[in-house]
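Taking it in order: structure first as structure tokens, then the write-up.
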Amino acid sequence: MATHPKTSARSLYRQVRLTATQEDSGRTSYSVYAKGLGQQWNERQCILRSSVQVPGRLDTTEDVIWMLLRVLEDEVLPHHTHWVHCGLDSHHEGICLRTESS
């Protein structure tokens, strides 16, 4: 039976953590953390931290996700992308998916 040398697998996979906190005034702070799959989370892995003024309350998880998608589109995503309607939620007519532009 042939034996194969043991190798250490390396992965380029990343885990991303997003946080958002909204104050009564509407000011919403957000942070983006990223790490390698096998690493521990720590404060030094924050790759983006900022705040925006959001009109209205973010009452649901979907509200927060929608706000983060819109803000991060301007902050992080390449400018050669656009949004298309995906119809996931009739309450949020603008919920969209990011696609590569053709």
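Position one of the sequence shown corresponds to residue 1 (full-length UniProt numbering), numbered consecutively onward. We put the CB at the ideal spot given by N, CA and C, even for glycine.
Among the options, which one has its Cα closest to the Cα of residue i?
i	options	result
T21	E73, D74, R49	R49
S25	T61, Y33, V52, V71	V52
L68	E23, S31, Q15	S31
G56	L18, E23, R17	E23
V71	K35, Q39, T19	T19
E75	T60, I47, L58, D59	I47
Report buried or exposed for residue i, applying the criterion of at least 16 other Cβ atoms within 10 angstroms of its Cβ.
i	result
R98	The pLDDT assigned to R98 is 47, lower than 50, so where the model puts this residue is not dependable, and the model offers no usable value.
T28	buried
V54	buried
V64	buried
### Query
What runs of the beta strand (DSSP E), each 3 residues or longer, lie entirely inside the segment 23-82?
Whole beta strand (DSSP E) segments, 3+ residues: 27-36, 46-53.
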